[in-house]
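Below: one structure, written as structure tokens.
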Amino acid sequence: MEEENEENKNSMEESIFEEEMTEIDWEPKKKRNTKKIVLHSILIAAALLVCIMILGPTFTGMPVFDRGESKEVVKHLEATGEKQTELEFSETEKRELLLDGDTEVGYNSEKKRAYICQERDEKDLCKKWKRMRLDIPESLHTVLTGRSGRRPPAELQKPVELLDKKDFLLDTNQTIIADATDDYDMKIEVFNSKINNLVVRGISRESENDSLVLQDNTYVPGAVEAFTIDPSGLDFEELTFTFIATGRSLYKCTAWNQTTNTCDVKRVCTGSNKQKEEVCNVTGGWVRVMQLDPSREYNITIDPADPVFAQYSSALGAPECPGGESACIATSALLQSRDSISGTVEPNQPNTIDACSDGTSGTYLTDESVENITVESLNGSYFRQGDTINMTGTFLCWSTVNDNLNWVYTNSTTSPSWNVKAFTDPCPVARPNFYQGSHTFTLDSNAGTHAVRLVNQYNGGTGTTCGGGAYDDNDDLAFRVYTRIPPNVTELRPVENSTYDVNDTINLSARIEDDETEIKSVQANVTLPDGSTAVVNLSRKIIGEVMENRTINGSWRTISYANRYDDPVVFASPLPLRDLRPAEVRIANVTPTGFEIRAQEPTGDYPESDDHSDEWPISILVVETGIHKLADGTYIEVHKNVSTTTVSGSGPDAWTTYYYDL
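Counting with our numbering, you get residues 1158 to 1819 for the letters of the sequence shown.
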């Protein structure tokens, strides 16, 4: 089971397709595209782990190899005596750069930096370059430098290398605005980015660092927008970035983690942990910087030690999902800490839609706080009247004896009337660990903006809707609830007042449409002449799925389906190998829940390496045996033949004829 689960994690894409049953003409509308999380609160984060460097305004000796010349580079790299381990590039990079003779290579001989062309324009000129993280050995450097006859494209000559997280060069216009012997200042205009421009001062001429990473699509749960600046590859004194405000408050993270995209918090505590006498020193977290006016342009100056910046905004005074999408999530970036307690100030405190406020005593990560609220409909992708919802909260509790937690709900944010839907007393987990708990309840029948609240109390009551103690934290999350509209059912068959003879076959069918909810099942209630009733399932049957697995190698791997089948047939794409010995994909032990797969050469060896370590992407199609009619009227016929003999020889006796059923 561990192997199967691992394979499921490696599946990069999964597509399910379903059969249209002959007894039902069911064509639901295409499901509306929805976002998993859309809060009215805005986050723009600029992560600053800073350190950049520039070697000067111009560079020379950067050849560009055309697609034919790249093969000569390949031959050199594969020559006897050149150890592959010295090159220090991944198998993916080797396939992209070295095994593809159609790749255009750019090389900066001064910096020993290689680029490959990833996308071309209508004139067959490269418009998208990717930097290769290669450590070029001296012998290869000599070969590459020898190709310096042509001028490289302008984008490969810019003094500051501005990259995204995937090492693609970004489109910039760079101008030196001040020049000195030891350093210089640079203005960088960034195109197609949330950050309009950068002004970097004090760029060292002595350092070998000259790269700046900008990610303007950083994913932060609960954020509408997010960007990250990572200047850890640049040596500089000061950096100013320009952006258009979308929120009303600016916060910065004092300990941004570039790897996890989270704002880290650390604490060191002394004193008794049995009574509220402990003293803690907390570092990291979010701190408030300034008020903002939406749509106004701001210039924010940072240095290499500065952190991430973020914006928040909500007309309600609390996080909100105004579009009504499920799930609705308010993360720690929006809710962490409580009021203005020591260690970390709570963003947008008190994060409640009414006059309910928080206690002001204690220290963050020592005393009570609410860290996350997630609300999810169990009925669809949008919240609707009467939906069953699951509400999950993350808490920091001081004690497993004195603290209790309340789940509270109101069906209106204009005139809130709060009700406790559930409680946990006492809190099961105490600091330094967080506790996560969930409760399920039903939304009221009115449409509009509803809200939930989590209450974390010290010596509080289970019926409290707003904690009023010195250590109590109250946080709200609002979300829109739509009017429930039943699916539109038309083209019913049989038609009303139809007459049938005894033993006639009656076909049941209907056209069912829904505006945004995926229709998962359809049942018909049938009343027979003798008064008895029956329930007939009209739902479509899942007939197959498509997946991609990127971990196929020379060892047998077990792959699990996303669905269970009665008699499945498995198809696999060929290995994506070039200029190597022939190889094939083998499939064995096909069952209703999964199959085994490996790559193998006709000789029995594994392609490319002897230790079976190389991994290859394989596309896989699974289809149920039989004849299937799809929603667009297309028929799919799938059969299989089981044989224990080896296919060989030639002539008419070596062939078997099979006939379609259709």
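Each residue gets a CB set at the ideal place from its N, CA and C atoms; glycine is no exception.
Applying the 10 Å Cβ sphere with the 16-neighbour rule, what's the burial state of residue i?
| i | result |
| --- | --- |
| Phe1398 | buried |
| Leu1649 | exposed |
| His1607 | buried |
| Ile1663 | exposed |
| Gly1688 | exposed |
| Tyr1815 | exposed |
| Gly1263 | buried |
| Pro1573 | buried |
| Met1704 | buried |
| Gln1372 | buried |
| Tyr1792 | exposed |
| Ser1712 | exposed |
| Gly1701 | buried |
| Glu1267 | exposed |
| Asp1632 | buried |
| Asp1789 | exposed |
| Gly1543 | exposed |
| Val1693 | exposed |
| Val1646 | exposed |
| Leu1319 | buried |
| Met1289 | buried |
Taking CB distances under 8 Å as the criterion, tell me whether residue i reaches chain B.
| i | result |
| --- | --- |
| Lys1323 | Among the chains in the structure shown there is no chain B, since it carries only a single protein chain. |
Starting from residue i and walking both ways along the beta strand (DSSP E), at which residues does that stretch end?
| i | result |
| --- | --- |
| Ser1857 | Since the first and last residues shown for the chain are 1158 and 1819, residue 1857 lies out of range. |
| His1596 | 1592-1599 |
| Thr1399 | 1395-1401 |
| Phe1337 | Looking at the sequence shown, residue 1337 is not Phe but Ala. No beta strand (DSSP E) holds Ala1337; DSSP gives it neither H nor E. |
| Thr1581 | 1576-1581 |
| His1607 | 1605-1615 |
| His1785 | 1783-1786 |
| Arg1288 | 1283-1289 |
| Ala1745 | 1741-1745 |
| Cys1554 | Where Cys1554 is concerned, there is no enclosing beta strand (DSSP E), given that its DSSP letter is neither H nor E. |
| Phe1540 | Neither: Phe1540 is in no beta strand (DSSP E) and is coded neither H nor E. |
| Phe1752 | 1751-1757 |
| Thr1567 | 1560-1567 |
Within a Cβ cutoff of 7 Å, which residues of the same chain sit near residue i, ignoring the five residues on either side of it in sequence?
| i | result |
| --- | --- |
| Val1532 | Ala1484, Cys1485, Ile1546, Met1548, Val1609, Leu1634, Phe1636 |
| Asp1328 | Phe1348, Asn1349 |
| His1596 | Met1548, Trp1564, Lys1578, Ala1579 |
| Lys1797 | Val1726, Thr1782 |
| Glu1279 | none |
| Ala1756 | Ile1709, Asn1710, Gly1711, Leu1732, Ala1740, Val1742, Tyr1763, Pro1764, Trp1773 |
| Pro1585 | Thr1557, Tyr1592 |
| Asn1354 | Lys1344, Ile1345, Glu1346, Val1347, Thr1399 |
Could you spell out where the alpha helix (DSSP H) holding residue i opens and where it closes?
| i | result |
| --- | --- |
| Ala1490 | 1489-1492 |
Could you name the residues of the same chain whose beta carbon sits closer than 8 Å to that of residue i, not counting the 5 residues immediately before and after it, in chain order?
| i | result |
| --- | --- |
| Val1747 | Pro1725, Val1726, Val1727 |
| Pro1643 | none |
| Ser1776 | Val1703, Met1704, Glu1705, Ala1729, Ser1730 |
Suppose the cutoff is 6 Å on Cβ atoms and the five residues either side in sequence are ignored; what does the same chain contact list for residue i look like?
| i | result |
| --- | --- |
| Glu1253 | Note that Glu1253 scores 43 on pLDDT, short of 50, meaning its location in the model is unreliable; the coordinates nonetheless yield the value given after this. Answer for Glu1253: no residue qualifies. |
| Lys1284 | Glu1276, Asp1278 |
| Phe1393 | Ile1209, Val1357, Gly1359, Ile1360 |
| Gly1511 | The sequence shown places Asp at residue 1511, not Gly. Taken in chain order, the residues that qualify are Pro1573. |
| Arg1541 | Tyr1639, Arg1641 |
**OP:** Pair every Cβ in the region 1532-1541 with every Cβ in the region 1481-1497, then say whether three or more of these pairs are closer than 8 Å.
**Re:** yes
**OP:** Count the CB pairs spanning the region 1555-1573 and the region 1589-1603 that are closer than 8 Å, and state whether there are at least three.
**Re:** yes
**OP:** Would you check if there are 3 or more beta carbon pairs closer than 8 Å linking the region 1616-1631 to the region 1576-1594?
**Re:** The answer is yes - the region 1576-1594 touches the region 1616-1631, with three or more Cβ pairs under 8 Å.
Original post:
Which ranges does the beta strand (DSSP E) cover as unbroken runs of at least 3 residues, wholly within the region 1620-1645, from first to last along the chain?
Top reply: 1630-1638
**OP:** Scan the region 1675-1737 and note each continuous beta strand (DSSP E) run of 3 residues or more that stays entirely inside, going in chain order.
**Re:** You should have 1680-1684, 1690-1694, 1699-1709, 1714-1717, 1725-1729.
**OP:** Inspect the CB distances between the region 1510-1517 and the region 1651-1662 and report whether three or more fall short of 8 Å.
**Re:** no
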